[in-house]
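Step one of this worksheet: look at the structure below.
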Amino acid sequence: MEQTAKIIIDGKTFELPMITGSEGERAIDISRLRQEVGVVTLDPGFANTSACLSRITFVDGERGILRYRGIPVDRLAEHSTFVETAYMLINCELPTQEQLNRFSVMLNDHSLVHEDMRAFFENFPRWAHPMGILSSMVNALRAFYPEIPERTEEEEINITVTRLLSKVRTMAAMSYKIFRGHKVAYPRHDLTYAENFLSMMFDSPVRPYDIDDDIVNALNVFWILHADHEQNCSTAAVRVVGSAKVNLYAAISAGICALWGPLHGGANQAVVEMLGQIHENGGDAAPFIARAKDRNDPFRLMGFGHRIYKTYDPRARVMKKVCDRILDKQRVRDPLLDIAKRLEEVALEDPYFIDHHLYPNVDFYSGILLKAIGIPLNMFTVMFAIGRLPGWISQWKESSDDPKWRLQRPRQIYIGRKERAYIPIEKRG
Ligand code: CMC
């Protein structure tokens, strides 16, 4: 029997349809509320609002579950590669060997960036943040790769998706090389996606880069863990901007801008900066914890807390293990990892963090891993962006393919001044 919810307004009862998701999440469908009842809902931060129906990613924040297309993320981290996971997110199903081979060949075929784009890269100020550069360059891709009218819509989307997945990785490495004043390393057809990235970042004419399988694996895991996270801030930005029917490059560029913020993807950089400050402070985390708990201080413990997870973020668990593995292998003792572990222990026993359900999130250990791989601090959020690309693309595709597609346009409750007269400037006092 179809369930309904009742609301009573001014003594009148209205029935609203209810909808239940495949994992049991229940929602009241308010899409006709204003039309039929004459009121709207208010939900700052959209914490109680589902903006869409989606088949891509399931998150249960109470139980610490994250699945892409039904498959738990830790299974994917253990058995899959980033390219395979990206294929599945975008095309709904895991690929056959032949499909995967074809996809990998296409990614290699589109990995070069138009040479004229280098002039753009070279003219950004040296101190420009790579996220700003990346979002501008992704937007610029449309100019270099315009729509070809002879292609069908499906062909156009497929080629744009492939270009984005392949070129964003190339552009990220290119911006790093140019920033350092080094010779750009081109992508190579004989390397896998992750190997290629590492080679483009670190290979140099004076010191060839030795590709280490464990680092390649760690990078794959890092990107898989970031590949999608349902309607987070940047994905919501991609969907909202995409709903205006802009081209995919522009929608992804909007996602990159949103991800840049320290409350979202920028947190991985902020965590390492915070751990560095604790280290400089003699390793004592107590003053930082005290500041995080002080309501009058805007400081927050970076890498802690999540809008959805009210328990340990399942991605953080996997990330912590990979981090340990890589640092053990490198026989490096990063004092920041020791500080992070101590900080986690203290915070998890502190009543403030317990009462607020604040646990380590994906960014808490990811920065330490990136640092161990050799990624510079200002590239951390770019690494997140490369990982999140398949998620943004699949969410954009799902919303564009939706037969009930609508321009996304929230309402507001106006609480400003009522109508008043315009006072000429000479009469204002
Ligand atoms: N340190 C100290 N207190 C915190 C923290 C924190 N990291 N996070 C939340 N709180 C407190 C906050 O002060 C508030 O307390 P009270 O109710 O007493 O006023 C309460 O917890 C709820 O906070 P909120 O801001 O309403 O929660 P939110 O769901 O809007 O924010 C968040 C989620 C991720 C923005 C927040 O937890 C935060 O700022 N964390 C630090 C930044 C961070 O690590 N971000 C990465 C998120 S995971 C990667 C991603 O998805 O992008």
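Residue numbers (my numbering): 5 to 433. Glycine is no exception: its CB is placed at the ideal position from the N, C-alpha and C atoms.
**Study point:** Contact set for S115: own chain, Cβ-Cβ below 6 Å, skip 5 residues either direction
**Key:** S170, T174 and P191
**Study point:** Distance CB(G307)-CB(Y356) smaller than 9 Å
**Key:** no
Practice item. Run the CB neighbour count on G371, radius 10 Å, all protein chains shown included, and call it buried at 16 or more, exposed below. Key: buried
Exercise for review: Reducing DSSP to helix, strand and coil, say where T89 ends up.
Suggested key: helix
Check your understanding: Does the stretch 266-276 come close enough to the stretch 326-338 to have 3 or more Cβ pairs within less than 8 Å?
Key -> no
Check your understanding: At which residues does the beta strand (DSSP E) containing L352 begin and terminate?
Key -> Segment P339 to E353 is the alpha helix (DSSP H) holding L352; no beta strand (DSSP E) there.
Review point. CA-CA distance, C261 and I397?
Key: 15 Å
Review point. Quick one, which of A90, S84, V188 and F86 has its alpha-carbon nearest A123's?
Key: V188
Point to revise | Distance, R295 Cα to D301 Cα | key: 6 Å
Point to revise | Close Cβ partners of E3 (< 6 Å) along its chain, the five nearest in sequence each way excluded | key: Residue 3 lies beyond the stretch modelled for the chain, which goes from 5 to 433, so this question has no answer here.
Practice item. Kindly indicate the opening and closing residues of the beta strand (DSSP E) around Y72. Key: I69 to Y72
Review point. What number of angstroms, rounded off, separates the C-alpha of E1 from the C-alpha of P48?
Key: With the chain represented from 5 up to 433, any question about residue 1 goes unanswered, as that position is not in the structure.
Review point. With distances taken between CB atoms, is the gap from Q235 to S35 smaller than 9 Å?
Key: no
Review point. Should E348 go down as buried or exposed, given a rule of 16 or more other Cβ atoms within 10 Å for buried?
Key: buried
**Study point:** Distance, Y213 Cα to A376 Cα
**Key:** 15 Å
Exercise for review: With hydrogens ignored, establish whether the beta-carbon of V242 is closer than 8 Å to any heavy atom of the ligand CMC.
Suggested key: no
**Study point:** DSSP state of P407 mapped onto helix, strand, coil
**Key:** coil
Review point. When DSSP labels each residue in this structure, what does P48 get in the three-state scheme?
Key: helix
**Study point:** Rounded distance between the beta-carbons of L229 and V77, thought under 8 Å
**Key:** 6 Å
Practice item. Could you tell me which residues DSSP puts in a beta bridge with V142? Key: Beta-bridge pairing links V142 to no other residue.
Check your understanding: Count the other CB atoms within 10 Å of the CB of A177; is the residue buried (16 or more) or exposed (fewer)?
Key -> buried
Check your understanding: Which stretch, first to last residue, makes up the beta strand (DSSP E) that contains A31?
Key -> R30 to I32
Exercise for review: Work out the CA separation of G15 and G259 for me, nearest whole Å.
Suggested key: 44 Å
Review point. Under 9 Å, do F226 and L373 count as touching if we go by C-beta distance?
Key: yes
Exercise for review: Identify which residue in G74, F107 and L70 has its Cα closest to the Cα of F86.
Suggested key: F107
Practice item. Take the Cβ of L411 as the centre, count every other Cβ of all protein chains shown within 10 Å, and call the residue buried at 16 or more, exposed below. Key: exposed
Practice item. Could you give the DSSP three-state label for D214: helix, strand or coil? Key: coil
Exercise for review: Output the distance between the C-alpha atoms of G28 and L305, rounded to the nearest integer angstrom.
Suggested key: 33 Å
Point to revise | 8 Å CB neighbourhood of D217 in its chain, flanking five on each side removed | key: none
**Study point:** Neighbourhood of E199 by C-beta distance below 7 Å, restricted to the same chain and skipping five residues each side
**Key:** I215 and V220
Review point. Can the beta-carbon of L70 be found closer than 9 Å to that of I23?
Key: no
Exercise for review: Whole angstroms is fine: what's the gap from G378's alpha carbon to F384's?
Suggested key: 10 Å
Check your understanding: From which residue to which residue does the alpha helix (DSSP H) around L305 run?
Key -> No alpha helix (DSSP H) contains L305, which DSSP labels as neither H nor E.
Practice item. Sort L393, T89, P380 and L111 by Cα distance to Y197 and report the nearest one. Key: L111
Check your understanding: N143 and S247: beta carbons closer than 9 Å?
Key -> no
**Study point:** Collapsed DSSP secondary structure at V188 in the structure displayed
**Key:** coil
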